[in-house]
Each structure stands twice: as structure tokens, then as C-alpha cells.
Amino acid sequence: MCGIVGYIGNKGATHILIKSLKRLEYRGYDSSGIAILNKKLKIVKAKGKIINLEEKLKKENLNGNLGIAHTRWATHGEPSDINSHPHTSNNGLFTIVHNGILENYKEIKNNLQKEGYNFLSDTDTEVISNFIEYQYEKTKDLLESISKFLKEGKGSFSLGILFENENTIYTVKKQSPLVIGIGTNENFISSDISATLEYTKNYYILEEEEIGIVKKDNIQIFDKNKNEIKKDIYVVDFDVSAAEKNGFDHFMLKEIYEQPTAIRNTINPRVINDEIDLKIDIDAKEINKIHVVACGSAAHAGIVFKNIVESLARIPTEVYLASEFRYQNPILEENDLILVISQSGETADTLAALRHGKTNGVKTLSIVNVLGSSIARESDLNLFTWAGPEIAVATTKAYSAQISLLYLLGIKFAFQRKKITKETEKLLVGEILTIPEKIENILKISENQIKELSKKYKNNKSIFFIGRGLDYAAVLEGSLKLKEISYIHSEAYAAGELKHGTISLIEDRTLVISCITQKHIFEKTMSNLQEVKARGAESIIITNEEAYIKEINVDVDKSNLLIIPKINDYFTPSLTAIYMQLFSYYISRELGSDIDMPRNLAKSVTVE
Ligand code: F6R
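Here my numbering = 1-based position in the sequence shown + 17.
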């Protein structure tokens, strides 16, 4: 959360920083700010989105070739101009932008107050700028002062630091991500590569507790003990257009439409003659138990995986919310596998869970979208989803790519454990290969119907989703998608569980969206649907053609039936998801909510 950028070169820094900052707005948008150093330092800050900062900048003369900027997801202190970054130290020597949380800020603040330091804001960041200034006043050695902070500061902090006497950006990475973009006679710092991709494809990716000294024509990197480090340049192979809307009204809609391509990119390189080649050294015969750790939608992808891997490979699998994992003292044994799922590869809870597993000597395998991310770097083994940059806060294509890759992993494990034959593997893989085309078909035929349904149900105060087995895994994701962007209250329930309490919330015209695709439990879910309809619920049914034609005899308007193309039951979550994503998108559009940047959220959750 929070995005930081910095520029040093020959060009106007303000324009470049604002443009780059906008590409980081997905990381937080409670407030933003910019500092330009041109002999004297000038700072402009604004509450709310970057557009407010741009408005303020029209009235300011902010010229210079060196600066840092920040977009905030508030942690310490309410969103306000005063709490917005950058924050300057008491004597004005240091100005800082910060992504992360300084956990021992109170203790450091108390010590600094005793030394006479005053604090204007409620932030932990102002504590950092003053700490570095205090150390610098004592030592007159800036690298030493930063290194001291790295040793004493607890928590997560990537920093961009301006020193009033120097044309340099100092930068630090601890837990939160930070990259240095390498240009010609200009260099950049940013929280992620997509921010500055327009200007350079060459990057240094800072590792834990590294310090960068970035000048216009020189970059040096040090460890926390001030030893200089030589790093490889990471060259990005995707284009800036991947991070633009390309004519779509929202990134979310663009990313929904990109799903067929994203899934092809994920699966095609891993399927050779209908056989799976994941190119990782892992043998499921040696795995006793799988612990999946992830948050939000990635955890929902994990539940899809649990269904498949337990059913096909018969490996006991538990799915943990990463924020709970460490604190429930999980039983981890030598031959277990920790499977980490994360789009960003930076989610603090997921990263902490991965580290917990490693400390306990358990092998870790990560499913990650962002190359070079912390989770990817720290995991023993990686499978990248290759879905391309995902900008909308609500995930769509990354989730779809995750479940596609997890299907392959589950099948591979089943074959390794001799639970399925080569022929079954080929048959299942053949089905997976049809997913992108089937999604294309849904996208072609469904938009108008979904738009109508969105209009019809936009005023519902509460929308329920029900399903069993893999359909339950799918509706958990459908319900999250709906509530996070439309702000309509929604719950997903295992269809059979409703009658144990929640059914009391069903009243006349409550909308219940039922996912009913699994043949072996089809009739059971149908009965649960009848139960809610008997209590006055309205119903949208997402089902498969075959089942629909044979089985559905409930009284439901045809326009409320969403039919997925025929596919093996294991893979229906890939198709039902599309309807639920579109429904969430269009209902939010009807309600006028900020779809790509829903309130209170951020794309990359780098705080615990
Ligand atoms: C919901 C959503 C979140 C993320 C979660 C984990 O649409 O995007 O629930 O899935 O914050 O993020 P990653 O996958 O980056 O670890």
C-alpha cells in the first residue's frame, strides 16, 4: 500500500512524477503529495485522489529536475493534507516519502521528543525523517544515518529521501517493494515497475535492507552495513500498453476481457502434446500435506485447488487465510508443502506466512504474477501466472490465471501419485485448453443480459451467493467481487449451510445467486434454491447447459439464467467467474462507484 516515485535527470520532474504516480494510484488513494528540489525545496500535498493534487499544482510553480512523490493508503493518521507525504524533518534537511509501517515509531518518537524534536503530523513517516536528521546531525554521514535507521527501525519501509544539500535520491527497501529504474542521464525510483515503464525497461530490484544512492548518471547500492553491492539489471519484457486502458472505460473491464489471453499465457507454455510440464523440481509422492496460504481472492483460488487436488491426487490440503496462519500455530512437518498464492507477490501477511514456513523447514512453492516480487524471490520454487500487469484493485485476470495454473498443478500431482493415468491427464488437459475460447464465447453473448440484470437488481441492499463444492469456492469469489466494488452487502454460503441460521435473512425479493454446475450434487443445491425461493427470494442461476436442460424445473425467468458452455465439472469455476465478474462490474457502474479504485482498498496490501 502507498506508492512512491522519484525522478532525477534533465527533464521536468513534476510532469514525470505525476504521470508515474497515477500508475501507482491503485496502491492507495487517500491523499498524495510531491516534493521538488531545485536549490530550494517545494512541497505540494492534497487530500483525496491525485487529480486533487494536479488541481493544486496548476496554481503552483513547481519546476525542477529532481523530486519525489507519494500516493497514500492511510495507516497512521486520517487522510488529510497534513498527514500526506512527503514529510520534512524539523531542521528541513530531509524530506521523505514512505511505503509501509514503522512499527516502533512510538518508541523512536518519544526518544526524539526528548531530544527536542516536534511533530506536526500523526504519521510514522515524520518520525523517520527526524530520526535520520538526528543521526545525521551527530555523524554528518548520511549513509551511516540511513544504515542506523535500518538497524533500529522495525516493520516495513521503502523510502525515497531527498537531502536538501544534494542532487541525489536516497532510497531504502525493507519489506515493502522498491525498484530503481535505469535511464540515460536520468534515473527513477518507484514502488513498482509499471510506474516508470514508459521511460525505461531496465531496473535494479532492491533486496531486503538495501540502500540505493541514485544520481542522474550514477547508481550505487549498499547493504545495511554500508558494503557496496553489484546487482544484475532486470530487463522487463512487457510493454507500457499492458498498463493502459486501451479504450475500455475501466481497467477492470479491460482485464475481464484480457482473461482468455492471460490464461493462454499461463497454460500454453506448460502443456506439451496435452501433457503437463511445469518445469519445477517437485514430486508429489513425497508430499504428506499441502498448506495453502493466501489472502482474499487468492485464498479463494486456493479453495478451488483444495477441491481438485484432494479429489484427484488425494493429498490432504488445508487452506489458511495468510493473516491467521502464523498465529494458529499450524502443525508443519518435514514432508509438507506450503503453497503460497499471490498476484502482487508483496502481500505482507502472505509473505510473513511464507517466511514462517521456511523458518520451520517446510518447502515453499509460490504461484505469483509479479516477477521479481518479494514472495517470488523468497520462495523455494515459483510458478508464475504470466497474466500481465493487473491494475484494477478487484482482481479478475490474475485470479483466472491462478486457478488455471492450479488445475495443472493438481493434475500433475495426481499423475505423479499414480491416481490418474496418462490418458486421464491428457483428457483433463484437453478440457483446460478449451477454457480461453469458452470465456470468449461468454464475453460475446452475455454483456447485454448482464447489463439488464444489473439494472434490475442495483437497488438490492443485500445479495447472497450459494453453491456447493467447487461452486461454493466459486461463489466466495463472486461475492467478494460484488461487495468490494459495488458496496452492496453480500455473503457467500455453502448452499446446504443456509438453513443453519443465515436463511433468516432471506425475505421477499432478496436476490440469491446460485451457482449450480456440479453434477453429483446438482439436485442437492437445487433443493437449497427451492428453500430460499419458498421464502420469497429472487434468483439468478448460473449453470451448465446440459444440467439446465435436464434438470431445472424451478420457476425462474429465462433472463435470470446464465448458462456456461459445457466443460468438465472440475473447471467450471473458470467460466462461472466471468458472469459474476461482469455482474459486479455492471451493477457497480449502475451505482456509480469508483470501480478501479473502490473505497478503503488498495491493490497491494503491504501492511499486516
Ligand atoms: C480482491 C483482491 C484481493 C486480493 C488479496 C491478495 O479482488 O484483489 O482480495 O486477492 O488482497 O492479494 P495478492 O494476490 O496480491 O496477494
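Glycine residues also receive a C-beta, built at the ideal position from the N, C-alpha and C atoms.
From a predicted model like this one, the values you see are computed outputs, not experimental measurements.
8 angstroms Cβ cutoff met for residue i and residue j
| i | j | result |
| --- | --- | --- |
| Ile67 | Gly177 | no |
| Gly20 | Asn116 | yes |
| Gly553 | Glu514 | no |
| Asn184 | Ile25 | yes |
| Lys296 | Val309 | no |
| Pro103 | Ala411 | no |
| Asp141 | Leu167 | no |
| Leu528 | Ile480 | yes |
| Asp586 | Gly447 | no |
| Ser492 | Cys532 | Here residue 492 turns out to be Val, not Ser, going by the sequence shown. Taking 8 angstroms as the Cβ cut-off, Val492 and Cys532 qualify as a contacting pair. |
| Leu329 | Gly172 | no |
| Ile163 | Tyr134 | no |
| Leu371 | Leu354 | no |
| Leu160 | Lys248 | no |
Helix, strand or coil at residue i [DSSP, three-state]
| i | result |
| --- | --- |
| Thr367 | helix |
| Leu354 | strand |
| Gly177 | strand |
| Phe482 | strand |
| Arg287 | helix |
| Val549 | helix |
| Asn465 | helix |
| Ala63 | strand |
| Phe239 | strand |
| Lys190 | strand |
| Ser106 | coil |
| Asn282 | helix |
| Thr589 | helix |
| Leu137 | coil |
| Tyr251 | strand |
| Glu340 | The displayed chain sequence assigns Ser, not Glu, to residue 340. Helix, per DSSP. |
| Asn617 | coil |
| Ile584 | coil |
| Ser359 | strand |
| Gly198 | strand |
| Ile559 | strand |
| Glu292 | strand |
| Leu388 | coil |
Where the beta strand (DSSP E) through residue i begins and ends
| i | result |
| --- | --- |
| Asn219 | Asn219 to Ile222 |
| Gly495 | Careful: Gly495 lies outside any beta strand (DSSP E), inside the alpha helix (DSSP H) at Leu487 to Ser503. |
| Leu14 | This structure gives no information on residue 14, because the portion of the chain shown stretches from 18 to 625. |
| Glu625 | Neither: Glu625 is in no beta strand (DSSP E) and is coded neither H nor E. |
| Ala511 | His506 to Ala511 |
| Leu528 | Leu528 to Ile533 |
| Ile149 | Element bounds for Ile149: not the beta strand (DSSP E) but the alpha helix (DSSP H), Thr142 to Thr156. |
| Ile25 | Gly20 to Ile25 |
Nearest residue (CA-CA) to residue i, options the options
| i | options | result |
| --- | --- | --- |
| Leu445 | Ile284, Ile99 and Lys262 | Ile284 |
| Ala63 | Tyr46, Leu79 and Asn78 | Tyr46 |
| Gly109 | Arg89, Lys57 and Asn78 | Lys57 |
| Asn27 | Lys232, Val379 and Ile557 | Lys232 |
| Tyr337 | Ala315, Thr112 and Asn235 | Ala315 |
| Leu368 | Thr92, Leu349 and Thr623 | Thr623 |
| Glu327 | Gly486, Ala52, Glu95 and Thr519 | Gly486 |
| Leu423 | Phe588, Lys443 and Thr31 | Phe588 |
| Thr105 | Arg89, Lys59, Leu74 and Trp90 | Lys59 |
| Ile420 | Ala594, Lys375 and Ile392 | Ala594 |
| Glu440 | Glu501, Ser390, Ala370 and Ile293 | Ile293 |
Other residues of its chain near residue i: CB distance less than 7 angstroms, five sequence neighbours each side excluded
| i | result |
| --- | --- |
| Lys302 | Gln433 and Arg434 |
| Lys414 | Glu272, Glu275, Gln276, Ala279, Ala404 and Glu407 |
| Leu592 | Lys455, Ile456, Ile459, Ile581, Pro582 and Ile584 |
| Tyr603 | Ile467, Lys468 and Ser471 |
| Val321 | Ile420, Leu423, Leu487, Ala490 and Pro590 |
N- and C-terminal bounds of the alpha helix (DSSP H) containing residue i
| i | result |
| --- | --- |
| Gly313 | Gly313 to Leu329 |
| Tyr424 | Lys414 to Gln433 |
| Arg89 | Taken as a continuous stretch (DSSP letters only), Arg89 belongs to no alpha helix (DSSP H), being part of the beta strand (DSSP E) at Leu83 to Arg89. |
| His32 | Ala30 to Lys39 |
| Val446 | Lys439 to Leu450 |
| Phe268 | Phe268 to Tyr274 |
Own chain partners of residue i with C-beta closer than 6 angstroms, once the 5 adjacent residues on each side are dropped
| i | result |
| --- | --- |
| Ile125 | Val144 and Phe148 |
| His5 | Limits of the chain in this structure are 18 at one end and 625 at the other, which puts residue 5 out of reach. |
| Asn69 | Ala63 |
| Glu226 | Leu167, Lys191 and Lys241 |
| His373 | Arg343 |
| Lys73 | Val61 and Ala63 |
| Tyr596 | Ile559 and Leu579 |
Residue i at chain D interface by Cβ criterion, 8 angstroms
| i | result |
| --- | --- |
| Ala86 | Structure shown: chain D not included; a single protein chain is present. |
Proximal residues to residue i (C-beta, below 8 angstroms), its chain only, five neighbours per side dropped
| i | result |
| --- | --- |
| Ile210 | Val196, Gly198, Tyr220, Val253 and Gly389 |
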